[in-house]
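To keep things clear, I will list the structure first and then write my remarks on it.
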Amino acid sequence: MKALVFPGQGSQYVGMGKELYDSRKDIKDLMESANEILGFDILSLMFSGTDEDLKKTEVTQPSIFIHSVAALKAINGLGAEMVAGHSLGEFSALVANGVLSFDDGLKLVSERAKAMQEACDANPSSMAAILGLEDAVVEEICASISGIVVPANYNCPGQLVISGETVAVEEACVKLKEAGAKRALLLPVNGAFHSPLMKPAQERLAAAIENTKFRKATIPVYQNITTTAVTDPDQIKKNLIEQLTGSVKWTQSVQNMIKDGASHFVEVGPGKTLQGLIKKINSEVTSASAI
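Numbering (the UniProt record's numbering), first residue to last: 1 to 291.
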């Protein structure tokens with residue numbers, strides 16, 4: 001069985017999407033419609049902006065979504081039988097399985113990005129990558145810290161990202177190194193994604209999601225929160241909202257997709273991050289880029 005997977009924040013690069021834009025008129029038209037929907041020229045930032053331009057959350061998230069859906073259009077779905085997305089990538093996955101239109105998905109992604117940026121600005125917070133420890137050890141140490149710090153991204157075995165108040169994250173990094181972590185690195189982000197500090201953003205996104213039409217999925221989406229196959233639009237909405245303050249359980253999602261028959265994964269969007277993670281989760285399945 002073939003599964004499509006969609007990347008999240010961090011996979012952006014200057015020039016992203018230009019080859020897709022130049023490849024076909026229908027893809028060009030789709031991408032140009034993004035400028036009208038967003039009210040600014042995001043394509044110029046994607047094609048010829050700077051790294052700093054693309055690092056801004058309100059630019060990064062829509063850019064990755066636009067690239068991913070354009071790439072999806074280029075491959076025409078490839079006969080996939082299941083989809084999943086890493087954090088932001090879940091919105092691209094919901095276009096792939098017919099739950100969201102491109103227009104509605106882009107509007108939600110833009111609202112999500114703005115809401116997350118506001119939440120980041122309101123609290124000094126950060127994230128850190130923890131390498132070389134069992135998930136249970138990371139969870140236990142995070143729980144022992146007095147401030148807010150939680151496991152945010154279960155990326156693959158031995159690679160977990162924590163998120164929370166800056167002081168609490170720094171304290172956790174010290175304790176995690178003492179516990180045997182190979183590395184505990186603060187990430188160059190200005191907020192605590194997938195933590196309780198995203199609660200204000202969650203409330204704003206929830207309002208936008210409730211006012212958006214979600215259709216029944218044509219194929220299952222394995223959502224970050226549940227890690228299992230979902231097709232019901234109301235449940236998909238609920239899981240999308242919970243995702244902002246909950247953990248991205250990518251390892252568990254991929255394991256469940258494989259358990260349910262996935263043997264070939266196709267990464268749809270910029271970069272090859274998810275292919276690398278999938279190989280570390282299970283080396284017996286195959287993975288490749290869509291384009």
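Every residue, glycine too, gets a C-beta built ideally from N, C-alpha and C. Bear in mind the structure is a predicted one, so any value in this text is a computation, not a measurement.
query: Nearest-angstrom Cβ-Cβ length linking H86 and V221, presumed shorter than 8 Å; result: That belief does not hold up - the Cβ atoms of H86 and V221 are roughly 12 Å apart, past 8 Å.
query: Rounded straight-line distance, which links the Cα of V268 to that of S289; result: 6 Å
query: Reference D41; option with closest CA among S63, N211, G105; result: S63
query: Extent of the continuous beta strand (DSSP E) to which R183 belongs; result: 183 to 186
query: Backbone secondary structure at V254 - three-state DSSP; result: helix
query: Distance between F6 and S48 (C-alpha atoms, nearest Å); result: 23 Å
query: Any 3 or more C-beta pairs closer than 8 Å across the stretch 241 to 256 and the stretch 98 to 108; result: no
query: Candidates Y154, T166, A128: closest to S146 by CA position; result: T166
query: Of the residues A34, L78, E111, the one placed nearest N211, counting alpha carbons only; result: E111
query: Residue from M82, I27, K18, T60 whose Cα sits closest to the Cα of I75; result: I27
query: Beta-carbon contacts of L131 that lie in its chain and below 7 Å, excluding the five residues immediately before and after; result: G158, Q159, A181, K182, R183
query: Alpha-carbon spacing of G246 relative to I278, whole angstroms; result: 21 Å
query: Buried or exposed (CB count within 10 angstroms, at least 16 for buried), H194; result: buried
query: Limits of the alpha helix (DSSP H) - the one that G85 falls within; result: Taken as a continuous stretch (DSSP letters only), G85 belongs to no alpha helix (DSSP H), being part of the beta strand (DSSP E) at 82 to 85.
query: Check whether K2 and E90 have beta carbons under 9 Å apart; result: no
query: Host beta strand (DSSP E) of F155 (start-end); result: The question names Phe, yet the displayed sequence has Asn at residue 155. Counting along the chain, the beta strand (DSSP E) containing N155 begins and ends at 149 to 156.
query: 6 Å CB neighbourhood of I225 in its chain, flanking five on each side removed; result: N239, E242, Q243, G246
query: Same chain, Cβ closer than 6 Å to L45, five either side skipped, listed in chain order; result: D53, V59
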